[in-house]
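Residue numbers (UniProt numbering), protein chains in the order written: chain A, 1 to 57; chain B, 1 to 252; chain C, 1 to 215; chain D, 1 to 215; chain E, 1 to 219; chain F, 1 to 219.
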Amino acid sequence: MSHAFYIYFSYGISAVIVLALIAWVWLDGRARQAELKALEAAGIRRRSAAGVSGASE
Amino acid sequence: MNLALSKFSELANPTRFLALSGRILPWLAGLTSLLFVVGLYMSFTTEGDYQQGDTVRIMYVHVPAAWLAMMCYSVMAISAIGTLVWRHPLADVSHKAAAPLGAAFTLISLITGSLWGKPMWGTWWVWDARLTSVFVLFLMYLGLIALNRAMDDASKAARLSAVLILVGFVNIPIIKFSVEWWNTLHQPASVIRMDGPTIDPEFLWPLLVMAIAFTFLFFTLHLMAMRNEIWRRRIATQRRMAARMAGQEVSP
Amino acid sequence: MRLVAENLAAKRGEDLIFVNVSFQLAAGEAMVLTGRNGSGKSTLLRVVAGLLRPERGRVEAVFRDGRESRPAREVSHYLGHRNAMKQELTVIENLAFWQAYLGDFEGGEGRSIAAAADAVGLGGITHLPFGYLSAGQQRRFAMAKLLVAHRPVWILDEPTAALDASADQMFAGLVHEHLANGGIAIAATHQPLGLKDAKTLVMKGFEYRETGEMA
Amino acid sequence: MRLVAENLAAKRGEDLIFVNVSFQLAAGEAMVLTGRNGSGKSTLLRVVAGLLRPERGRVEAVFRDGRESRPAREVSHYLGHRNAMKQELTVIENLAFWQAYLGDFEGGEGRSIAAAADAVGLGGITHLPFGYLSAGQQRRFAMAKLLVAHRPVWILDEPTAALDASADQMFAGLVHEHLANGGIAIAATHQPLGLKDAKTLVMKGFEYRETGEMA
Amino acid sequence: MIALFLRDLKLSVRAGGGALIGVLFFMTVVAVIPFGVGPDLNLLSRIGPAIVWIGALLAALLGLDRLFQAERDDGSLDLILMQETPLVLTVFVKCLAHWVATSLPLVIASPLLGLFMNMNEVAIGAVMLTLLVGSPAITFIGAAGAAVAVALPRGGLLVSILVLPLAIPVLIFGVSASYAAVEDPAPFLPPFLFLIAITLFFAVIGPLAAALALRSSSD
Amino acid sequence: MIALFLRDLKLSVRAGGGALIGVLFFMTVVAVIPFGVGPDLNLLSRIGPAIVWIGALLAALLGLDRLFQAERDDGSLDLILMQETPLVLTVFVKCLAHWVATSLPLVIASPLLGLFMNMNEVAIGAVMLTLLVGSPAITFIGAAGAAVAVALPRGGLLVSILVLPLAIPVLIFGVSASYAAVEDPAPFLPPFLFLIAITLFFAVIGPLAAALALRSSSD
Ligand code: HEM
Ligand SMILES: Nc1ncnc2c1ncn2[C@@H]1O[C@H](COP(=O)(O)OP(=O)(O)OP(=O)(O)O)[C@@H](O)[C@H]1O
Ligand SMILES: Nc1ncnc2c1ncn2[C@@H]1O[C@H](COP(=O)(O)OP(=O)(O)OP(=O)(O)O)[C@@H](O)[C@H]1O
Ligand SMILES: [Mg+2]
Ligand SMILES: [Mg+2]
């Protein structure tokens, strides 16, 4: 193959960028879900606040 | 009100979106991988071009990435209209999530382009209209990311970047038609043109498969990034809410 | 003319600040907003002034028994925390600009700049650059701005902060005159404004319930 | 420690604003400045804070019965009309910066940021950007700034503008505590501050007599 | 509207120093380039129009980010947003005032710079004409960036980043029209007309986008 | 002092400055140039050092005028003036923070830009070195100008007249040192040493002048 370097390099670098992108999106999602879980564990839930603001508590 | 519209807005409500996208995602991811396997196989088994040598194989990455870079911006522009006209939160999320993806695809097309340029034109980079307008697109993506970073009021940031996205859309036709308006080193369009593709079918098939694979990759990542963004906003809201409630207990 | 607000709800950032605020003011009526710090007075005023889009509800100026209506912002003066005057220009230049730029709303006429300056008790110093004035003087001239162009509705956010006792009275006099001419006034304040027969709306702050999908 | 001002006179632009102002404040004493708008209260405070050079006279902090003296500005906190906080930074970041930058004056220690925020009644929202707060909340945190670094003298220009009733009380409490610890306070105000036993200085404004050669 | 125009003009003359800093910066750019290309007068006169255009473009950025921020900081923006007069019109007038205060001096100074760059009369005239026609486009598009910057406490660099890519077409056609006037084969009119078209286009799009951004950032 | 440094850094990063934005700004400016002068690689590499330097000057000018005005507008300046710490030191630290936030990223990014401008390795190194050494001078002079701008409510004009002429020598020595590194006959060291001298000189004079102006401005 002529110019094998250029070909493999461009495939390689594209793969690196795409994989980095996938990893970033994936890890970001994992982190967000973990945070949501932590909040849930702390007792802060999306719709529960309505009850809290009432007379009791 | 219009039934179709209300159906649409129901589907576009973030909770339902999360549920639905959660179900679709595995399939989408699987399909993307499959397409990539086929596409990569095809792009390494086709015969080379006499004129360009084997470097034509770079095309199978370069061209889909370039298309995606432009398509991503178009998706963002449509979302921007959604933000400004319907003020739909999903639209906000959509164009915010798409910007880094667009930047990545643009980067791929820039890098593979210059890797192709070195053997073909003898230089990594020339300031011709096509190349520069793609570079400008890259800068615009980065500028939008920076803008989103610089503001912490999410919906305000969304509206402002929507305005910019729409104004910046002028760049897309410039990229597309730059080869025709200014005669440059770069290849003129041979696939997407009025009178049908002029490219050799030998190259057309792997190119098309790779293009579809890239497109699916984009949509998969976009869905995932949108989900992340929705979660991020929920977390922020809940944190603030918790803090506010704590603040109210302290101050009478 | 009436000013009608129905079921207003507003967000700041991503948080709801108040919901279901409704009121009606007829010509000659005034309303005073009170409530503790951070309860949403300024937010409500900015919604009425059209500077903040309400989450729900609407606020309008209704004419001729409801046969015509216009956005409240177009019939209103807004006096916020900041005076909207340029430090580098003299008082006269500032007021002349706003007079020309704002223009009179139909059915009334603004005073001349000299008359407005006299009305706020500072006739003699209109030739000074605005930046050279004391806090209270600046606030007084910001009020003079309300006089140089006619608007039936005045929206005032803590108008008397930084004013001395005599200026408080002067201010109450101006508002009364405005009401007597068929005007409407809404003011947020922590101090008694000396307005007789004003309605009062006490802002409580909203208990931060989730309501929207994403909020 | 005593704060001594002798024969102060100050100009604004080319006009004399006041002449022959003298006062002395010992540890634990407070003084309230009143007077109509433009009478020179803020000017006097800025002279005391060293931000405006007096035309005549001097103002100093005297230690150990006059054996040592320092410019008043170095021993003072100044709370002007503007809050000296950055909108973009959170409350904590703002306060932490001032705490570190100002440092404690010898003979005292500032409170922690959390304690200061609690003292102004807003312990829960210190993580918000300063720009997100209501006018009153911003003013309260500007007061918290007085607490995070120790200074024996507080110079306050209309401190309670924009504060609600409960915050007024909170503020009076803070000043009393400061005085009880041997501090000194000077405040310009149009509203009663609720300070007991405070001296009062009524600014009259200067009658624009010709004095200098040009003036 | 005339009141607004006059006020803005007065402000920038009195406080900004817009005109002078622009011209000075412009001259600085022009003074430095010869160091790069060396004292080759021919080359200088060849790249002259481009340098003058680039200098003008960069100089236009200098005051732009404060166009609306100053109005926001003192509360004037609130009153402007409330009026019945279309916001687009207000923005348009502010752009005009800004252009007169900062870009017009550049246009007027450009012949001088042309002389520095050893350009001939035709080239100087062409550059001045294209600048006159093209520079408003930069202001208009800059207004959109400035409106976005209102939400940012310190817009400075970010505004330029957002604005510059959009200003590139203006530069391209401005420069190519100037060259066309000097070099024979290329016709002057087509790029010049294109420049006019771009200016008209941005005169509509810029204020529209700016108005949109201002409305959506108010709070 | 460290607190001040960190705060200023944080402010400029958060409020639409930041390293990324500086580099982006620079890339945008550089990307604009070829549109003007044309894609002639030889010419580009010749004017490269000048362009990189002009970009740095512009970046410094864009943020600098608000250096003290922002502090004055929110009242922080009053508190800063009251302290026992010498004002010169405070000004110096603020300059450093500003330089780190806006100029340093440019210095670091300059090799990349050199590549874009088709400059060779020696030229790139020289530009980076001269920028590193010379750009603080621009910040220090600019600080004096910014302080004067605070002092005179109508000082805008004066600032520009003051700052730019003083910045021109920096620019000229910076650019000529860069060229000297590439072109043979001219020696690199003399202009480079001169550049260092200028920077040291302004590092003293700039903050001193700024402190003086700030003191006399307060009212
Ligand atoms: C950094 C350099 C380059 C950039 C930024 C770039 C950018 C682009 C873009 C944006 C497209 C899509 C255009 C469209 O759909 O109309 C494209 C397509 C294409 N590019 Fe490049 N390119 C670069 C270098 C190259 C080189 C060196 C070659 C080959 C010699 C090349 C060959 C092609 C081909 C064959 C197409 C497909 C055109 C078609 O069939 O529509 N590109 N490039
Ligand atoms: N920067 C300035 N330049 C020139 N004159 C000024 C300046 N600032 C204030 N003045 C003038 O000085 C006088 C005193 O102002 P000062 O701010 O001290 O009044 P004050 O007692 O604080 O009033 P207020 O109750 O309104 O705050 C005023 O007449 C004002 O016009
Ligand atoms: N720009 C903003 N972004 C996010 N939240 C904000 C913003 N401005 C205000 N808020 C929040 O909205 C709430 C209401 O603020 P608002 O200014 O309406 O109060 P207010 O009643 O006017 O108080 P004050 O008496 O102190 O002026 C406050 O809790 C404040 O923290
Ligand atoms: Mg308020
Ligand atoms: Mg005062």
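Backbone N, C-alpha and C define an ideal beta-carbon position, used for all residues, glycine too. Fair warning: this is a prediction, and the values are worked out from it, not measured in the lab.
Look at the alpha carbon of residue i and the alpha carbon of residue j, and state the distance between them as a whole number of angstroms.
i      : j      : result
G131/C : R12/D  : 12 Å
V41/D  : L133/C : At residue 41/D the sequence reads Lys, which differs from the Val that was named. Distance between the alpha carbons of K41/D and L133/C: 12 Å.
T211/D : A180/D : Model confidence at T211/D stands at a pLDDT of 35, short of 50, so the residue's coordinates are unreliable; what they give is reported in the following sentence. About 42 Å.
G55/F  : R2/C   : 57 Å
A143/F : R66/F  : 10 Å
F25/E  : V88/E  : 30 Å
N120/F : T130/F : 16 Å
I155/D : W99/E  : 45 Å
S251/B : A117/D : Any answer about S251/B is weak, because its pLDDT of 42 lies below 50 and its placement is not dependable; what the coordinates show is given next. Cα to Cα, S251/B sits roughly 10 Å from A117/D.
K199/C : A23/A  : 60 Å
R209/D : Q137/C : Residue placement at R209/D is flagged as unreliable, the pLDDT there being 38, under the threshold of 50; the coordinate-derived value follows with that caveat. Near 21 Å, if we compare the C-alpha coordinates of Q137/C and R209/D.
N148/B : S176/E : 35 Å
A61/D  : G38/D  : 27 Å
L201/D : L95/D  : 32 Å
Counting only the same chain and skipping the five closest in sequence on each side, list residues whose C-beta sits under 7 Å from that of residue i.
i      : result
L162/E : G145, V148
I21/E  : L62
E249/B : No answer about E249/B holds up, because its pLDDT of 47 lies below 50 and its placement is not dependable.
A59/E  : G22, F25, F26, L106
L146/D : H77, L79, W154
Comparing alpha-carbon positions, which option in the options lies nearest residue i?
i      : options                        : result
D197/C : L25/C, M1/C, E55/C             : L25/C
R14/E  : A161/C, E93/C, A114/C, G182/C  : E93/C
V25/A  : R234/B, E229/B, W121/B, F177/B : E229/B
G173/D : V120/D, R139/D, I17/D, V19/D   : V120/D
R46/D  : V59/D, G35/D, N37/D            : V59/D
D219/E : R239/B, P173/B, D153/B         : D153/B
F5/A   : A236/B, I58/B, P188/B, M241/B  : I58/B
F203/B : V170/B, G122/B, V61/B, M140/B  : V61/B
V127/E : V170/E, T28/E, G75/E, I80/E    : V170/E
A72/C  : H81/C, V48/C, L147/C, V91/C    : V48/C
L40/B  : M210/B, R23/B, G117/B, Y141/B  : M210/B
V52/F  : G206/F, L200/F, V29/F          : V29/F
M170/C : L195/C, A9/C, P152/C           : L195/C
Going by DSSP in three states, residue i sits in which element: helix, strand or coil?
i             : result
V120/C        : coil
W205/B        : helix
R111/C        : coil
H127/D        : coil
residue 234/C : Look at the range of chain C in this structure, 1 to 215, and you will see that residue 234/C is not part of it.
F63/D         : strand
P165/F        : helix
K37/A         : helix
G57/D         : strand
By the 10 Å Cβ neighbour count, where 16 or more other Cβ atoms means buried, how is residue i classified, buried or exposed?
i      : result
A20/A  : exposed
L193/E : exposed
V32/E  : buried
S76/F  : buried
F188/E : buried
G38/E  : exposed
T45/B  : exposed
Ordered along the chain, which non-local residues of its own chain (more than five positions away) have a Cβ less than 6 Å from that of residue i?
i     : result
R72/F : V150
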